[in-house]
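First up is the structure itself, then whatever we jot down about it.
Protein chains: 2
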Amino acid sequence: MSTIKEVAERAGVSIGTASNVIGGSAPVSKARAARVWAAIKELDYHPNEVARSLKAKQTKMLGMVLPDITNPFFSDLIRGAENAALERGYLLLTANSDEQVEREKRFVAALRSRRVDGILLAATASKNETHLRSAVAADVPIVCLDRMAPGLAVDAVLADNVRGTQECVRHLIRLGHKKIAIITGALELRIAGERLAGYRAALEEADIRYSDELVMKGDFREEAGYRLGKELLLNRERPSAIFACNGVMMLGLLVAIDELGVRCPQDIALATFDDLMFAHSFHPHLTAVAQPANAMGYQGANLLIDRVEGKLTGEPLTVRLACELKIRESTRGYAPAAVANGSPARSSKASRTSLPATT
Amino acid sequence: MSTIKEVAERAGVSIGTASNVIGGSAPVSKARAARVWAAIKELDYHPNEVARSLKAKQTKMLGMVLPDITNPFFSDLIRGAENAALERGYLLLTANSDEQVEREKRFVAALRSRRVDGILLAATASKNETHLRSAVAADVPIVCLDRMAPGLAVDAVLADNVRGTQECVRHLIRLGHKKIAIITGALELRIAGERLAGYRAALEEADIRYSDELVMKGDFREEAGYRLGKELLLNRERPSAIFACNGVMMLGLLVAIDELGVRCPQDIALATFDDLMFAHSFHPHLTAVAQPANAMGYQGANLLIDRVEGKLTGEPLTVRLACELKIRESTRGYAPAAVANGSPARSSKASRTSLPATT
DNA sequence: TCGCGTAAATGGAACGCTTCATTTATACTG
DNA sequence: CAGTATAAATGAAGCGTTCCATTTACGCGA
Numbered sequence: 001m002s003t004i005k006e007v008a009e010r011a012g013v014s015i016g017t018a019s020n021v022i023g024g025s026a027p028v029s030k031a032r033a034a035r036v037w038a039a040i041k042e043l044d045y046h047p048n049e050v051a052r053s054l055k056a057k058q059t060k061m062l063g064m065v066l067p068d069i070t071n072p073f074f075s076d077l078i079r080g081a082e083n084a085a086l087e088r089g090y091l092l093l094t095a096n097s098d099e100q101v102e103r104e105k106r107f108v109a110a111l112r113s114r115r116v117d118g119i120l121l122a123a124t125a126s127k128n129e130t131h132l133r134s135a136v137a138a139d140v141p142i143v144c145l146d147r148m149a150p151g152l153a154v155d156a157v158l159a160d161n162v163r164g165t166q167e168c169v170r171h172l173i174r175l176g177h178k179k180i181a182i183i184t185g186a187l188e189l190r191i192a193g194e195r196l197a198g199y200r201a202a203l204e205e206a207d208i209r210y211s212d213e214l215v216m217k218g219d220f221r222e223e224a225g226y227r228l229g230k231e232l233l234l235n236r237e238r239p240s241a242i243f244a245c246n247g248v249m250m251l252g253l254l255v256a257i258d259e260l261g262v263r264c265p266q267d268i269a270l271a272t273f274d275d276l277m278f279a280h281s282f283h284p285h286l287t288a289v290a291q292p293a294n295a296m297g298y299q300g301a302n303l304l305i306d307r308v309e310g311k312l313t314g315e316p317l318t319v320r321l322a323c324e325l326k327i328r329e330s331t332r333g334y335a336p337a338a339v340a341n342g343s344p345a346r347s348s349k350a351s352r353t354s355l356p357a358t359t
Numbered sequence: 360m361s362t363i364k365e366v367a368e369r370a371g372v373s374i375g376t377a378s379n380v381i382g383g384s385a386p387v388s389k390a391r392a393a394r395v396w397a398a399i400k401e402l403d404y405h406p407n408e409v410a411r412s413l414k415a416k417q418t419k420m421l422g423m424v425l426p427d428i429t430n431p432f433f434s435d436l437i438r439g440a441e442n443a444a445l446e447r448g449y450l451l452l453t454a455n456s457d458e459q460v461e462r463e464k465r466f467v468a469a470l471r472s473r474r475v476d477g478i479l480l481a482a483t484a485s486k487n488e489t490h491l492r493s494a495v496a497a498d499v500p501i502v503c504l505d506r507m508a509p510g511l512a513v514d515a516v517l518a519d520n521v522r523g524t525q526e527c528v529r530h531l532i533r534l535g536h537k538k539i540a541i542i543t544g545a546l547e548l549r550i551a552g553e554r555l556a557g558y559r560a561a562l563e564e565a566d567i568r569y570s571d572e573l574v575m576k577g578d579f580r581e582e583a584g585y586r587l588g589k590e591l592l593l594n595r596e597r598p599s600a601i602f603a604c605n606g607v608m609m610l611g612l613l614v615a616i617d618e619l620g621v622r623c624p625q626d627i628a629l630a631t632f633d634d635l636m637f638a639h640s641f642h643p644h645l646t647a648v649a650q651p652a653n654a655m656g657y658q659g660a661n662l663l664i665d666r667v668e669g670k671l672t673g674e675p676l677t678v679r680l681a682c683e684l685k686i687r688e689s690t691r692g693y694a695p696a697a698v699a700n701g702s703p704a705r706s707s708k709a710s711r712t713s714l715p716a717t718t
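Residue numbers (my numbering), protein chains in the order written: chain U, 1 to 359; chain H, 360 to 718.
Here's what the structure looks like:
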């Protein structure tokens, strides 16, 4: 890798001059500038950004740590953030915490050592967020995405979880469901609490009694969806609808449903948070609360960069992005009547047309 | 952010000594070392990796550029690579090329400027890979993942595409299918060619005539699966089975099938490259050629780091990883007889039990 | 032809760290 | 106690940039 010194020598100018033509930081005569550019081409010179960063005290890199890139929601988040970063000349250093605080801690430290200009964070649940406090104390700009780190005074771009869930459950209620189960996320996570709150709110406004038995405490992981789903389905008091608090748990739930031979939507209605891409190409098409993942990443990164560049100052901001309810097959064709009087008949063939066409 | 100088001052030692206790590069008396550690804790000191990198001429960062992180195959790749990187003390700088050479070029340049120690690359199709050649010429270690960049003398970790496809098509043939269509990837990509070759090989060994009409040239994107799938299904000479050359196109194909009311596996058999996570939790469960994505990333990163650290020298290596054929519902229940005599009956209800139980 | 003002080019300090040649402190031996 | 071997601590150079205070070159009017 050639250095600016070599470029300067080859062009027959001083290092300072070379730097000036590259950075456009001071006027250079046409002739010399041309010689410098030629040298750059000939040597295939790539400015050493490491040295630049040292001098400039900024790396033009953003750190991003989130639970699991393998979850399509988060990969969309990344894409959004990457686009914003790219537009503004930053690169993304990503890392997966796997919901382990220790890993998160490790990555945050590594990112700080690398002197990233700021950090995008979908925090993991923990009682010990000292690593985050210390980062904030050290003035490392942080923007929380999707999940707020509790008690941290930082910017955040979040989905309107309460509203999103509430609307979806309200939709189920409107269809006649009264026994609606929910598989929650890890309740240490505020986001999980919010979704549960949306569920409660919907029940409340419809005067439906909230029952602990219908609330299965999950953890946002596929296995939980499978296990808790099975539990719900095997219960003699089977609910007529199940709401999963994220897409990955719904995946597990679908496996459970399949194994038990339960049919959707005839035997049970399903709805879920997250509109993963397969929601539209598989059976049953899932009614889903679509989060604007890409937009969240995009806005989050822009917000962060605004902070980094001092274009935004003052109190931390919280942006709430609305979700969109996508009504699909998995909440159709269920006969409310069958629900009302006891255990649902497996073969209930409620005519589709009798239901409001709510697409 | 505090510096080592501040740490040294607070501990009452020289900078060199502080550096020695941090790096363990030279013996330091117990008492002083303790004072240094204390100062580090008190100041919440995070060594400036930028300065370190400048001095050491290595950043402990790996670049990774691939087409689209949103494709679950690639996010698995990343996870694998990240695990290897983490184990060996590296961080991953990821970027999505979106199959655009220009973007790829831009990222590769950015990564080189950042002086990453090496690059993991799933190359995009192009006739102009000068950016890669110049990187190789500059001794930037590169390992290709999934897709080989044509004519580049670099290491690669690839799937055994020919074999994987061949086995799957062979499976279809064994079920009695004779009219098997394939939706290919962008044929400029060697990987797409390999999968097509596997298809041809399977036909050949079964003495089935290769027909251009059954080969739909796609591009690995969902839209292609949808469009070409529809074309195939609307053709009066509808094939009895379709093989999609990647999971994302299969997604599109499923939409097409759904729209046209074609049932799988009764009306048509489906099989696909890539075993995306939804293959097991949705209907129809898809017969798939599972690529060891995670292992690919893991091995690729390790290979790259071996090169970076000089633990591996000499000629470029190519590692081929075997795929695994997962036989599932989407290739069951189809009556070979119905295929043999003309257009398949939509309602053919071949009994499942009459077919070999090939799980 | 000499100064002078402006524009262009240069050189060196500094960024935070590691490394290594020196210097300083400590311990041991005769 | 002097002398020496050994261990520990220090200071300065250098990594590749940028930035800025100087220096150099140039054109023009008197």
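Every residue, glycine too, gets a C-beta built ideally from N, C-alpha and C.
Predicted, not measured: the structure shown is a model, and the values here were computed from it.
Straight-line gap, Q361 of chain H to K400 of chain H (C-alpha atoms, nearest Å)
Along the second sequence, one-based indexing puts residue 361 of chain H at 2. Along the second sequence, one-based indexing puts residue 400 of chain H at 41. In the sequence as presented, Gln is not what sits at residue 361 of chain H; that position holds Ser. Those two C-alpha atoms are separated by around 11 Å.
Nearest to G611 of chain H by CA position, among H:V621, H:P624, H:K589 and H:P598, is which residue?
As a working mapping, residue 611 of chain H is identified with position 252 in the second sequence. The option with the nearest alpha carbon to G611 of chain H is H:K589.
Of the residues U:L321, U:E129, U:C264 and U:N294, which one's Cα is nearest the Cα of R332 of chain U?
On the first sequence, position 332 is the one that residue 332 of chain U refers to. It is U:C264.
So that I know if they touch, is there some Cβ in chain H lying closer than 7 Å to that of I362 of chain U?
The question about residue 362 of chain U has no answer, for chain U in this structure spans 1 to 359.
Is it a yes or a no for the segment 91 to 99 of chain U touching the segment 61 to 70 of chain U, going by three-plus beta-carbon pairs under 8 Å?
yes
Residue closest to L445 of chain H, alpha-carbon to alpha-carbon, out of U:G63, U:R103 and U:A84:
Numbered from 1 along the second sequence, position 86 holds the residue referred to as residue 445 of chain H. Minimum Cα distance to L445 of chain H is reached at U:R103.
Would you identify the three-state DSSP class for K326 of chain U, choosing helix, strand or coil?
For the purposes of this step, residue 326 of chain U is taken as residue 326 along the first sequence, with counting starting at 1. Note: K326 of chain U maps to strand in three-state DSSP.
In this structure, does DSSP put N455 of chain H in helix, strand or coil?
In the second sequence, the residue the question calls residue 455 of chain H occupies position 96. Note: N455 of chain H maps to strand in three-state DSSP.
Along the chain, where does the beta strand (DSSP E) that runs through A647 of chain H open and close?
Counted from its first residue, the second sequence places residue 647 of chain H at position 288. Its beta strand (DSSP E) spans residues T646 to A649.
Checking 7 Å against the spacing of the C-beta atoms, do V50 of chain U and A33 of chain U come in under that value?
For the purposes of this step, residue 50 of chain U is identified with residue 50 of the first sequence, where counting begins at 1. For the purposes of this step, residue 33 of chain U is identified with residue 33 of the first sequence, where counting begins at 1. Cβ atoms of V50 of chain U and A33 of chain U: not closer than 7 Å.
Buried versus exposed call for G16 of chain U [16 or more other C-beta atoms within 10 Å across all chains shown]:
As a first step, residue 16 of chain U is located in the first sequence; it is residue number 16 there, counting from the start. Counting Cβ neighbours within 10 Å, G16 of chain U comes out exposed, since fewer than 16 surround it.
Checking contacts by CB at 7 Å: is E590 of chain H closer than that to chain U?
Walking along the second sequence from the start, residue 590 of chain H turns up at place 231. With 7 Å as the cut-off, E590 of chain H does not count as an interface residue toward chain U.
Interface partners of T418 of chain H on chain U, CB under 7 Å:
Stepping through the second sequence from its first residue, residue 418 of chain H is reached at position 59. Residues of chain U passing the Cβ test: V50.
Can you name the start and end residues of the alpha helix (DSSP H) that F433 of chain H belongs to?
Numbered from its first residue, the second sequence carries residue 433 of chain H at position 74. Segment P431 to E446, the alpha helix (DSSP H) holding F433 of chain H.
Under a CB-based cut-off of 7 Å, is L450 of chain H close to chain U?
As a working mapping, residue 450 of chain H is identified with position 91 in the second sequence. By this cut-off, L450 of chain H is an interface position.
Use the C-beta contact count for D207 of chain U: other C-beta atoms within 10 angstroms, 16 or more gives buried, fewer gives exposed.
Taking the first sequence and counting its residues from 1, one reaches residue 207 of chain U at position 207. Flag for D207 of chain U reads exposed.
May I ask you to report which of helix, strand or coil DSSP gives L479 of chain H?
Within the second sequence, numbered from 1, the residue matching residue 479 of chain H stands at position 120. L479 of chain H: strand per DSSP, three-state reduction.
Ignore the nearest five residues each way along the sequence and tell me which others in V502 of chain H's own chain have a CB closer than 6 Å to its CB.
Reading the second sequence from its first residue, position 143 is the one you call residue 502 of chain H. Correct list, in chain order: L479, D514, G659, L662 and L663.
Of the residues U:R238, U:L233 and U:N161, the one placed nearest A201 of chain U, counting alpha carbons only
As a position in the first sequence, residue 201 of chain U is number 201, starting the count at 1. Ranking U:R238, U:L233 and U:N161 by Cα distance to A201 of chain U puts U:N161 first.
Within its chain, find whatever has a CB closer than 6 Å to the CB of A11 of chain U; leave out the 5 residues flanking it on each side and keep chain order.
The residue labelled residue 11 of chain U in the question sits at position 11 within the first sequence. The answer, listed in chain order, is R35, V36 and A39.
C-beta contact flag for F466 of chain H and A454 of chain H at 7 Å:
Numbered from 1 along the second sequence, position 107 holds the residue referred to as residue 466 of chain H. Numbered from 1 along the second sequence, position 95 holds the residue referred to as residue 454 of chain H. Cβ atoms of F466 of chain H and A454 of chain H: closer than 7 Å.
Complete runs of the alpha helix (DSSP H) confined to the segment 469 to 521 of chain H [at least 4 residues]
489 to 496
Rounded C-alpha distance that separates I183 of chain U from A469 of chain H
Against the first sequence, residue 183 of chain U aligns to sequence position 183. Against the second sequence, residue 469 of chain H aligns to sequence position 110. Whole-angstrom Cα-Cα distance: 44 Å.
Residue nearest to A269 of chain U in terms of C-alpha spacing, selected from U:L92, U:A181, U:A81 and U:Q291
Indexing the first sequence from 1 puts residue 269 of chain U at position 269. The shortest C-alpha separation from A269 of chain U is found at U:A181.
Check I381 of chain H in the structure and name its three-state DSSP category.
Counting from 1 along the second sequence, the entry for residue 381 of chain H is found at position 22. I381 of chain H: helix per DSSP, three-state reduction.
Just the chain U side, please: which residues come within less than 9 Å of E461 of chain H by C-beta, in chain order?
In the second sequence, residue 461 of chain H corresponds to position 102, counting from 1. Under the 9 Å cutoff, chain U gives no residues; its nearest Cβ is about 12 Å from E461 of chain H.
Please return the same chain residues whose Cβ sits closer than 6 Å to the Cβ of R666 of chain H, not counting the five positions on each side in sequence.
Locating residue 666 of chain H in the second sequence gives position 307, counting from the first residue. Take R666 of chain H, set aside five residues on each side of it, and the residues of its chain with a beta-carbon closer than 6 Å to its own are P500, in chain order.
Residue nearest to L214 of chain U in terms of C-alpha spacing, selected from U:L187, U:S113, U:E6 and U:Y199:
Locating residue 214 of chain U in the first sequence gives position 214, where the first residue counts as 1. Each of U:L187, U:S113, U:E6 and U:Y199 was checked against the Cα of L214 of chain U, and the nearest Cα belongs to U:Y199.
When you check each C-beta in the segment 640 to 651 of chain H against every C-beta of chain U, which residues fall closer than 7 Å?
Residues of the segment 640 to 651 of chain H whose Cβ lies closer than 7 Å to any Cβ of chain U, in chain order: S640, F641 and H642.
Any idea if S689 of chain H is buried or exposed, counting beta-carbon neighbours within 10 angstroms, 16 or more meaning buried?
By one-based count along the second sequence, residue 689 of chain H stands at place 330. When all chains shown are included, S689 of chain H counts as buried.
For the ligand ADP, is there a heavy atom less than 6 Å away from the beta-carbon of I550 of chain H?
As far as ligands go, the structure on display features none, and thus does not contain the ligand ADP.
Is A271 of chain U helix, strand or coil when you go by DSSP?
By one-based count along the first sequence, residue 271 of chain U stands at place 271. Reduced to three states, the DSSP call for A271 of chain U is strand.
To the nearest angstrom, report how far apart D117 of chain U and V648 of chain H are at their CA atoms.
To locate residue 117 of chain U, count along the first sequence from 1; it is residue 117. To locate residue 648 of chain H, count along the second sequence from 1; it is residue 289. In a straight line, the C-alpha of D117 of chain U is about 42 Å away from that of V648 of chain H.
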